[in-house]
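Have a look at the structure below, then the notes.
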Amino acid sequence: MLTDKLRSLMVVGLLAALLPVVVSASEGESFPHAGNDVRNTASLQRGARNFMNYCSGCHSAQYVRYNRVATDLGISDADLKANLMFTSDKPADTIRSALKADDARAWFGNAPPDLSLIARSRGTDYLYAFLRGFYLDPSRPTGMNNVALKGTAMPHVLFDLQGLQQAVYAPAKAGVAPVIEKLELTTKGSLTPEQYDDFVRDTVNFLDYIGEPVQVKRRDLGVWVTLFLLVFAGFAYMLKREYFRDIH
Ligand code: HEC
283 MLTDKLRSLM VVGLLAALLP VVVSASEGES FPHAGNDVRN TASLQRGARN FMNYCSGCHS
343 AQYVRYNRVA TDLGISDADL KANLMFTSDK PADTIRSALK ADDARAWFGN APPDLSLIAR
403 SRGTDYLYAF LRGFYLDPSR PTGMNNVALK GTAMPHVLFD LQGLQQAVYA PAKAGVAPVI
463 EKLELTTKGS LTPEQYDDFV RDTVNFLDYI GEPVQVKRRD LGVWVTLFLL VFAGFAYMLK
523 REYFRDIH
């Protein structure tokens, strides 16, 4: 009886432990690994610079304050004001975009989303693929399409860095929509493909960081909490043995 109960409990526990694996495996399309590292402060500083220069004109990050970024990434007040703050002059402000949502909808067909939590809702691998995945498509209003987000309204704002890519299609099959095999760089940008990948990785790293600024601290603390619980479990077990010694 008791063993039956124990067995079913174990099965439930095992299923619960497997759940995240099943869920993440079923998340549709897979993208190459972004390989960013939120512990790499130099990369985050470069990512912040990229974001403020190339993204904040259209995208806000309304849950993030400039001075929080400066403190976490070791950026001085003078540097912050001179190099990162374009849409605001108070370090305690949140990162807002000068672009109005209505104007954006009229110009691009869709409003640029706030990017504070985008790394958590889409995943870093997706962002890495999205920012590297623009290709020439004359049928689109911006002249560009994207392999990660088909028919996107976002213009390829980094084309001067990346250059222009052309889609190479797999051999056509009857009744099947053309499938893109790979993207080929047809016009060079100011960065080499490797430098561009690094540029995007730093930018994605910054988006990952703003998605949860305390994530590094949380993980570090988590290790100590788990160790504490393990040690505490040992003491609790010893105490239990002491209490039950005379009963058995
Ligand atoms: C010229 C304005 C503009 C700039 C600059 C810009 N974007 Fe966008 N972005 C847009 C628009 C418009 C959309 C909405 C696209 C859509 O819904 O198809 C968008 C959408 C996105 C999305 C959401 C994609 C999705 O899956 O929904 C991400 C991520 C993104 N942009 C990242 C960036 C990053 C990072 C930068 C800076 C390197 C940047 N954008 C610069 C206009 C811009």
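To get the numbering used here, take the position in the sequence shown, counting from 1, and add 282.
Cβ atoms here follow ideal geometry from the backbone N, Cα and C, with glycine treated the same way.
Small disclaimer: the values here were computed from a predicted structure and weren't measured.
Measuring only the C-alpha atoms, how far is residue i from residue j?
i: Trp-506; j: Gly-356; result: 25 Å
i: Gln-477; j: Arg-483; result: 10 Å
i: Phe-481; j: Asn-332; result: 8 Å
i: Ile-377; j: Val-429; result: 29 Å
i: Val-461; j: Ala-454; result: 8 Å
i: Ala-316; j: Asp-528; result: 59 Å
i: Glu-494; j: Ala-401; result: 9 Å
i: Gly-425; j: Leu-503; result: 48 Å
i: Asp-375; j: Thr-353; result: 14 Å
i: Asp-479; j: Leu-521; result: 56 Å
Determine, for residue i, whether the minimum Cβ-Cβ distance to residues of chain B falls below 9 Å.
i: Gly-391; result: Included in the structure is just one protein chain, with no chain B present.
Which of the three DSSP states, helix, strand or coil, is assigned to residue i?
i: Asn-487; result: helix
i: Lys-432; result: coil
i: Ile-377; result: strand
i: Thr-468; result: strand
i: Ala-454; result: coil
i: Phe-412; result: helix
i: Leu-440; result: coil
i: Leu-291; result: helix
i: Ala-343; result: strand
i: Leu-473; result: coil
Using 8 Å as the cut-off, classify the Cβ of residue i as near or not near the heavy atoms of ligand 1, replying yes or no.
i: Ala-343; result: no
i: Gly-339; result: yes
i: Ala-386; result: yes
i: Pro-475; result: no
i: Asn-332; result: yes
i: Ile-492; result: no
i: Phe-313; result: no
i: Pro-423; result: no
i: Thr-434; result: yes
i: Arg-289; result: no
i: Phe-510; result: no
i: Pro-495; result: no
i: Tyr-417; result: no
i: Asn-427; result: no
i: Leu-409; result: yes
First and last residue of the beta strand (DSSP E) that includes residue i?
i: Asn-427; result: 426 to 428
i: Ala-449; result: 445 to 451
Could you tell me which of the options sits nearest to residue i, measuring between CA atoms?
i: Val-450; options: Lys-499, Cys-340, Glu-311 and Thr-468; result: Thr-468
i: Leu-323; options: Phe-488, Glu-524 and Thr-474; result: Just to set this straight, residue 323 is Thr in the shown sequence, not Leu. Answer by Cα proximity: Phe-488.
i: Asp-396; options: Ala-383, Asp-502, Thr-485 and Phe-390; result: Ala-383
i: Tyr-348; options: Asp-286, Lys-363 and Asn-335; result: Lys-363
i: Gln-448; options: Asp-286, Asp-419 and Ser-403; result: Asp-419
i: Leu-399; options: Ile-492, Asp-375 and Phe-514; result: Ile-492
i: Leu-431; options: Leu-409, Lys-499, Asp-354 and Phe-510; result: Leu-409
i: Gly-339; options: Arg-289, Gly-405, Tyr-417 and Pro-437; result: Pro-437
i: Arg-404; options: Leu-512, Phe-313 and Met-292; result: Phe-313
i: Phe-416; options: Ala-456, Gln-444, Asp-407 and Ala-393; result: Gln-444
i: Trp-389; options: Ala-411, Asp-361, Pro-423 and Phe-412; result: Pro-423
i: Gln-237; options: Phe-441, Thr-434, Met-292 and Val-320; result: With the chain running from 283 to 530 in the structure shown, residue 237 is simply not present.
i: Phe-412; options: Leu-465, Gly-457, Arg-289 and Leu-381; result: Leu-465
i: Glu-311; options: Asp-407, Phe-510, Phe-441 and Ala-515; result: Asp-407
i: Met-334; options: Ala-518, Tyr-345 and Leu-366; result: Leu-366
i: Arg-387; options: Val-486, Thr-434 and Leu-446; result: Thr-434
Where do the N-terminal and C-terminal ends of the alpha helix (DSSP H) with residue i fall, by residue?
i: Val-505; result: 497 to 526
i: Val-461; result: Val-461 -> no alpha helix (DSSP H), and no H or E assigned at all.
i: Val-351; result: 348 to 355
i: Leu-399; result: Segment: none, Leu-399 is in no alpha helix (DSSP H) and carries neither H nor E.
i: Phe-333; result: 323 to 336
i: Asp-371; result: Here Asp-371 belongs to no alpha helix (DSSP H), and DSSP marks it neither H nor E.
i: Phe-390; result: 383 to 390
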